[in-house]
Amino acid sequence: MTNFSDYRSYTGVSAEKFFKSTLYQSPNLLLGLNCLEAGQTQSVHAHGEQDKFYFVVEGQGDFTVGAETHRCGPGLTIWAPAGISHGVTNAGTERLVLLVGIAPWK
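First residue of the sequence shown: 9, per the working numbering; consecutive thereafter.
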């Protein structure tokens, strides 16, 4: 593993389901990249004891956190505290690339 990474080396496509890759993993933190093609969805779900964030690197997504849904684009961060339901759908025509962090990682 290197201490320096270019996110573009971790992007990809999956026709069946959105693409996921791991950038960094330790006992305390998981950082990954999620790539959703137009129309792909990460279903609403929750992490009981883990906080999560999405940082939009590229594209547009409709993000749900709890009872709220907002369209977010590059540069925005979406926070999903432990136990709160969250999910995302690619709302655009281009790939949606997300930096995702989950802590603590179990």
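Don't be surprised by glycine CBs; every beta carbon is placed ideally from N, CA and C.
For S51, which three-state DSSP category applies?
Looking at S51 - three-state DSSP - the assignment turns out to be strand.
Figure out for me which residue from T49, V64, G109 and Y32 has the closest Cα to the Cα of G95.
It is T49.
Quick check on R16: does DSSP put it in helix, strand or coil?
Reduced to three states, the DSSP call for R16 is helix.
Below 7 Å between beta carbons: does that hold for N42 and P112?
No. Outside cutoff.
So the candidates are V64, T10 and L39; which of them puts its Cα closest to the Cα of L104?
Ranking the options by Cα distance to L104, first place goes to V64.
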